[in-house]
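Novice: Shown below is the structure under consideration.
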Ligand code: ADP
Ligand code: MG
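Numbering (full-length UniProt numbering), first residue to last: 1 to 270.
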């Protein structure tokens, strides 16, 4: 049995204005004997942007996957908007959510991956409409109007009827962002959203993400784009081998990294 079942239940009380959007308290995650996340404690407040950086294999994607219910934590407590991820509290006890309940919790979280994974046989607007129509039962006309609004927001209104194959990587990624926004998430997770793009296409995606941050969206962004982190992030977290090595104001962390490993990593990406 993991610590999750045995620990207290005070965090699972639902959201209020001051509840952090994401709260990780001593979160660990192991695959067999390999401990990939080690005692992660961090908080993302409503409307904040946290940038997560670190070498390949340090556990960044695993952390996002835990937040997004794609993995269970092995120990510690992880909550989104005051609700324990994957668990429900009743009568002072914790119960694991069934797949249907977990899917419901996940709907509030938008995720954007390195590979955009658009449905290739659907146009841009059909991609954006898909989940609201099939998952939420939104009438097609309404979903279409909203999808067009979202495509306009990412600068692609005039590409609504294009298939992914006829869009650039940057445009496909912007459609993927619009698709995630169509479910009205309260939290957006980005896992290296610009890493697969040609350099000249990175800026247009980062600009959309900046706009989203300005609009007040709570975001966790795994990225190697330090300019973006410096400009947009409220907090920069440097993770190495599953440990939060450093965390703080991005300008401070970037100007005065305290740990040797942070310095070594930054010297490679800056
Ligand atoms: P990052 O995103 O920082 O590159 P990951 O979270 O993808 O790191 O991976 C962290 C570590 O966890 C790596 O050593 C990886 O091999 C391991 N890992 C990730 N997913 C699994 C899995 N499903 N089973 C076993 N090991 C995994
Ligand atoms: Mg990764």
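Where a beta carbon is used, it is the ideal one built from N, C-alpha and C, also for glycine.
Following the continuous alpha helix (DSSP H) through residue 267, name the residue where it begins and the one where it ends.
Specialist: Locating residue 267 in the chain shown gives position 267, where the first residue counts as 1. Element bounds for residue 267: 260-269.
Novice: My output table needs one value for residue 81: the three-state DSSP class, helix, strand or coil.
Specialist: Within the chain shown, residue 81 is the residue found at index 81, counting from 1. Three-state result, residue 81: coil.
Novice: Please return the same chain residues whose Cβ sits closer than 7 Å to the Cβ of residue 115, not counting the five positions on each side in sequence.
Specialist: Counting from one through the chain shown, the residue named residue 115 turns up at place 115. 196.
Novice: Residue 175: which of 53, 230, 118 sits nearest, CA to CA?
Specialist: Within the chain shown, numbered from 1, the residue matching residue 175 stands at position 175. Measuring from the Cα of residue 175, the nearest candidate turns out to be 118.
Novice: If you count every other CB in all the chains shown that lies within 10 Å of the CB of residue 81, and 16 or more means buried, which is it?
Specialist: As a working note, residue 81 is residue 81 in the chain shown. Its Cβ being crowded by 16 or more others within 10 Å, residue 81 is buried.
Novice: Rounded to whole angstroms, what is the Cα-Cα separation between residue 33 and residue 264?
Specialist: Your numbering for residue 33 matches position 33 in the chain shown. Your numbering for residue 264 matches position 264 in the chain shown. Rounded to the nearest angstrom, the two C-alpha atoms are 28 Å apart.
Novice: Please report the distance separating the alpha-carbon of residue 2 from that of residue 187.
Specialist: Residue mapping note: residue 2 aligns to position 2 of the chain shown, counting from 1. Residue mapping note: residue 187 aligns to position 187 of the chain shown, counting from 1. Reliability fails at residue 2, whose pLDDT of 43 lies under 50, so the model's placement of it is uncertain and the value that follows must be treated cautiously. Taking the straight line from one Cα to the other gives about 26 Å.
Novice: Report all residues from its chain with a CB closer than 6 Å to the CB of residue 234; omit the five preceding and five following residues, and keep chain order.
Specialist: To locate residue 234, count along the chain shown from 1; it is residue 234. Excluding sequence neighbours, residue 234 sits near 48, 49.
Novice: To the nearest angstrom, how far is it from the Cα of residue 177 to the Cα of residue 69?
Specialist: Within the chain shown, numbered from 1, the residue matching residue 177 stands at position 177. Within the chain shown, numbered from 1, the residue matching residue 69 stands at position 69. Distance between the alpha carbons of residue 177 and residue 69: 19 Å.
Novice: For residue 62, count the other beta carbons within 10 Å of its own beta carbon; 16 or more makes it buried, fewer makes it exposed. Which is it?
Specialist: As a first step, residue 62 is located in the chain shown; it is residue number 62 there, counting from the start. Answer is buried; the Cβ neighbour count reaches 16.
Novice: Compare the C-alpha of residue 293 against each of 250, 171, 238 and name the closest.
Specialist: What is shown of the chain runs 1 to 270, which leaves residue 293 out entirely.
Novice: So the candidates are 147, 26, 173, 243; which of them puts its Cα closest to the Cα of residue 191?
Specialist: Position 191 of the chain shown holds residue 191. It is 173.
Novice: So what does DSSP say about residue 29, is it helix, strand or coil?
Specialist: Along the chain shown, one-based indexing puts residue 29 at 29. DSSP places residue 29 in strand when its eight states are reduced to three.
Novice: Figure out for me which residue from 236, 104, 240, 92 has the closest Cα to the Cα of residue 183.
Specialist: Looking up residue 183 in the chain shown gives position 183. Comparing Cα-Cα distances from residue 183 to each of 236, 104, 240, 92, the minimum goes to 104.
Novice: Does the distance from the CB of residue 236 to the CB of residue 53 come in under 8 Å?
Specialist: For the purposes of this step, residue 236 is taken as residue 236 along the chain shown, with counting starting at 1. For the purposes of this step, residue 53 is taken as residue 53 along the chain shown, with counting starting at 1. Yes, the pair counts as a contact, with Cβ atoms nearer than the cut-off.
Novice: Between the Cα of residue 72 and those of 55, 41, 133, 37, spot the shortest distance and give me the residue it belongs to.
Specialist: Residue 72 sits at position 72 when you count from the first residue of the chain shown. Nearest option by C-alpha distance: 37.
Novice: Is the distance from the Cβ of residue 109 to the Cβ of residue 185 below 8 Å?
Specialist: What you label residue 109 is simply residue 109 of the chain shown in a count that begins at 1. What you label residue 185 is simply residue 185 of the chain shown in a count that begins at 1. Yes. Within cutoff.
Novice: Please go through the same chain and pick out, in chain order, the residues whose beta-carbon is closer than 7 Å to the beta-carbon of residue 137, but skip the five residues on each side of it.
Specialist: Reading the chain shown from its first residue, position 137 is the one you call residue 137. Taken in chain order, the list of residues that qualify is empty.
Novice: Just to confirm my understanding: we take residue 203, look at its own chain, exclude 5 residues before and 5 after, and list those with CB closer than 7 Å. What are they?
Specialist: On the chain shown, position 203 is the one that residue 203 refers to. Taken in chain order, the list of residues that qualify is empty.
Novice: Identify the continuous beta strand (DSSP E) that holds residue 90 and give its terminal residues.
Specialist: In the chain shown, the residue the question calls residue 90 occupies position 90. Taken as a continuous stretch (DSSP letters only), the beta strand (DSSP E) holding residue 90 covers 87-90.
Novice: Could you have a look at residue 108 and say whether DSSP puts it in helix, strand or coil?
Specialist: Taking the first residue of the chain shown as 1, we reach residue 108 at position 108. Three-state DSSP puts residue 108 in coil, outside helix and strand.
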